[in-house]
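Per the numbering used here, residue 595 is the first one in the sequence shown, and the count goes up by one each step. Beta carbons are placed, not taken as given, at the ideal position from N, Cα and C, and that holds for glycine. Beneath this line is the structure, given in structure tokens, with notes to follow.
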Amino acid sequence: MDCLFCKIIAGEVPAEVVREGERTLAFRDINPQAPVHVLVVPKDHHENFAALSADPEALAELAAEAGRVAEDEGVAGTGYRVIFNTGAGAGQTVFHVHAHVLGGRGLNWPPG
Ligand code: 5GP
Ligand code: ZN
Numbered sequence: 595m596d597c598l599f600c601k602i603i604a605g606e607v608p609a610e611v612v613r614e615g616e617r618t619l620a621f622r623d624i625n626p627q628a629p630v631h632v633l634v635v636p637k638d639h640h641e642n643f644a645a646l647s648a649d650p651e652a653l654a655e656l657a658a659e660a661g662r663v664a665e666d667e668g669v670a671g672t673g674y675r676v677i678f679n680t681g682a683g684a685g686q687t688v689f690h691v692h693a694h695v696l697g698g699r700g701l702n703w704p705p706g
């Protein structure tokens with residue numbers, strides 16, 4: 595399968611990894627939208643949030659890792675956002691589910 599994030603998980607495409615769990619990998623976004631912008635992915639390929647939700651354990655692990663990333667990156671206290679862009683209309687461009695962990699600056703609401 596030609597999936598960019600599967601290639602990062604396999605080590606075939608380099609990335610700046612910040613955390614690795616048994617079933618998850620967290621790495622910095624190549625085009626950061628905030629001082630902290632980390633992507634957290636399950637090592638198993640799931641296309642999007644709906645597909646991941648069908649595996650509640652994997653979803654819970656991903657959520658826990660996103661929280662740990664926020665702690666590690668020092669934004670847990672000041673505030674951060676965890677985002678799953680789902681579907682092309684919502685800005686999803688890589689169809690291997692990923693949580694964006696964004697923080698380190700003020701974040702407007704509603705998002706664009
Ligand atoms: P989406 O638009 O699907 O929600 O998020 C995909 C994210 O992947 C984007 O924020 C984009 O900057 C990031 N991205 C795309 N290609 C690469 C890459 O090769 N390496 C890393 N680390 N991030 C990437
Ligand atoms: Zn994949």
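Item, Value
"C-beta atoms of residue 618 and residue 653 nearer than 8 Å", "no"
"Separation of residue 632 from residue 666, as counted between CA atoms", "11 Å"
"Exposure label - residue 636; buried when at least 16 CB within 10 Å", "buried"
"Separation of residue 662 from residue 602, as counted between CA atoms", "20 Å"
"Helix, strand or coil at residue 658 [DSSP, three-state]", "helix"
"Beta carbon shell of ligand 2 at less than 7 Å from a heavy atom", "595, 597, 599, 600, 639, 690"
"Near ligand 1: residue 624 beta-carbon under 7 Å from a heavy atom", "yes"
"Integer Cβ distance of residue 642 from residue 681, believed to fall under 8 Å", "7 Å"
"Rounded Cβ spacing between residue 620 and residue 659 (contact assumed at less than 8 Å)", "6 Å"
"In chain order, each alpha helix (DSSP H) run of at least 4 residues that lies wholly inside the region 640-695", "643-647, 650-666"
"Residue 643: CB within 7 Å of a non-hydrogen atom of ligand 1", "no"
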